[in-house]
Amino acid sequence: MHNIGEKCMEKKLEKKVLGVIEVRNIKTINLYNRTYEKAKDFKQKLEDFVVTSDIQVFENVTEAVKNADIINCATRSEESVFDHKDLQASVHINGVGSYLPEMREIDTISIKHADTIVLDDLHGAQHEAGEFIQAEQDGHFDFNQATLLKDLTDKNETEGVTIFKSVGAAYYDLAVTAGAYELLNA
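Note that this note's numbering numbers the sequence shown so that position 162 is 333, with each residue one more than the last.
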């Protein structure tokens, strides 16, 4: 059984949840937002998409993440949205919201203890992924030790704490657009 902990309900998060559900057998979705009503609204949107997973809304971030196997963060927060001590020993974290040096989604301790960190774009992350910039400045992370998305293989570590950080590299959007265009014109 998989659980998924969700953070901050932004429009792009809908697609992230639906994408995870496509590739994983998600039994439970735990939703959290600093504004409880937004989390309840997001639950309704997922149900409208006919998501059949059990969807729980939490007022407390600790309760939302403590049993999560996968955590999706999509927030513009300037402080991390969860505490590493509340996570399971084996958890995957997707960070897709913060995109400025002062923003933080993922706490430094999770970054420090991660077994695998995958970045969509090294240059972009070095200038935009605030939590990783801060972790490097604090001596808890080195960008050179991260795996780039383009270099990811099935041989990478998948146990323990794994993190994927996306700062939204435009060339990935272009590649997807080109692929979709080719399929439509085939």
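Beta carbons are placed, not taken as given, at the ideal position from N, Cα and C, and that holds for glycine.
- Message: Helix, strand or coil, according to DSSP, for valine 222 in the structure here?
- Response: coil
- Message: Here's the rule: buried if 16 or more other CB atoms are within 10 angstroms of the residue's CB, otherwise exposed. What is serine 261?
- Response: exposed
- Query: Nearest-angstrom Cα distance between threonine 318 and asparagine 356?
  - Reply: 34 Å
- Item | beta strand (DSSP E) segment containing threonine 287, residue limits | 287-290
- Message: What would DSSP say about isoleucine 242, mapped onto helix, strand or coil?
- Response: strand
- Query: Cα separation between glutamine 305 and valine 332?
  - Reply: Going from the Cα of glutamine 305 to the Cα of valine 332 covers about 19 Å.
- Just the Cα atoms here: how many angstroms apart are asparagine 231 and threonine 206? 11 Å
- Hey, out of Asn243, Gln227, Gln259 and Leu217, whose CA is closest to lysine 237's CA? Nearest of Asn243, Gln227, Gln259 and Leu217 to lysine 237, Cα basis: Gln259.
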